[in-house]
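Trainee: This is the structure, below, for whatever I ask next.
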Amino acid sequence: MPKKTVLVVDDTPDNITVLDGILRDHYNVKAAPRGAIAVKIARSPVPPDVILLDIMMPEMNGYEVLKELKSSPQTSSIPVIFVSAKNEEAGLAETSGMDIAGYLTKPVEPQAVLGAIEKVLGA
Numbered sequence: 021m022p023k024k025t026v027l028v029v030d031d032t033p034d035n036i037t038v039l040d041g042i043l044r045d046h047y048n049v050k051a052a053p054r055g056a057i058a059v060k061i062a063r064s065p066v067p068p069d070v071i072l073l074d075i076m077m078p079e080m081n082g083y084e085v086l087k088e089l090k091s092s093p094q095t096s097s098i099p100v101i102f103v104s105a106k107n108e109e110a111g112l113a114e115t116s117g118m119d120i121a122g123y124l125t126k127p128v129e130p131q132a133v134l135g136a137i138e139k140v141l142g143a
């Protein structure tokens, strides 16, 4: 069975490196340093199975990326898990009512990341 693909979206290269290290043995990992690139990758002929999305990014923040993804039939069904430096309570309050599949706080715990993705993908 081929590996599922996870798109990691974060403007901080170190955060992408950490998530790639956690995920690469289990999933194909694609990375996007900006929101606009993430949307382009999500709209590609082979879209990711799940997206790990930073909230605080320049140009196009995570909320704007989510809105763009959910507004298109092509990408609306891709599960999105926010990954943010905001504490979970504040983050969950801010994202209440948004169509997200999960919320993780930085620094990320490997088991929390893998568990959130497995929950979304039904693995």
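Residue 97 in this note's numbering is what sits at position 77 of the sequence shown, and the numbering runs on without skipping anything.
Glycine is no exception: its CB is placed at the ideal position from the N, C-alpha and C atoms.
What you are looking at is a predicted structure, and each value in this text was computed from that prediction instead of being measured.
Across which residues does DSSP place K60 in a beta bridge pair?
Mentor: For K60, which the question treats as bridged, DSSP gives no partner whatsoever.
Trainee: Would you give the residue range spanned by the alpha helix (DSSP H) that K139 belongs to?
Mentor: 130-141
Trainee: According to DSSP, is D40 part of a helix, a strand, or is it coil?
Mentor: helix
Trainee: Let me check understanding here. Comparing Cα to Cα, which of G122, L86, P65 lies closest to I137?
Mentor: G122
Trainee: Alpha carbon to alpha carbon, how far is K24 from T32? Give it in angstroms, no decimals.
Mentor: 24 Å
Trainee: Identify which residue in I42, D30, V38, T125 has its Cα closest to the Cα of V85.
Mentor: Minimum Cα distance to V85 is reached at D30.
Trainee: Please decide whether D34 counts as near chain B, where near means a Cβ-Cβ distance under 9 Å.
Mentor: Protein chains in the displayed structure number just one, and chain B is not present.
Trainee: Closer than 8 Å by C-beta to P130: which residues in its own chain qualify, once you throw out the five before and the five after it? Chain order, please.
Mentor: I42
Trainee: Whole angstroms is fine: what's the gap from V133's alpha carbon to L124's?
Mentor: 7 Å
Trainee: Applying the criterion that 16 or more other CB atoms from any shown protein chain within 10 Å of the CB defines a buried residue, is V66 buried or exposed?
Mentor: exposed
Trainee: Near K90, what residues of its chain come up, given a Cβ to Cβ distance below 6 Å and the 5 sequence neighbours on each side ignored?
Mentor: S96, D119
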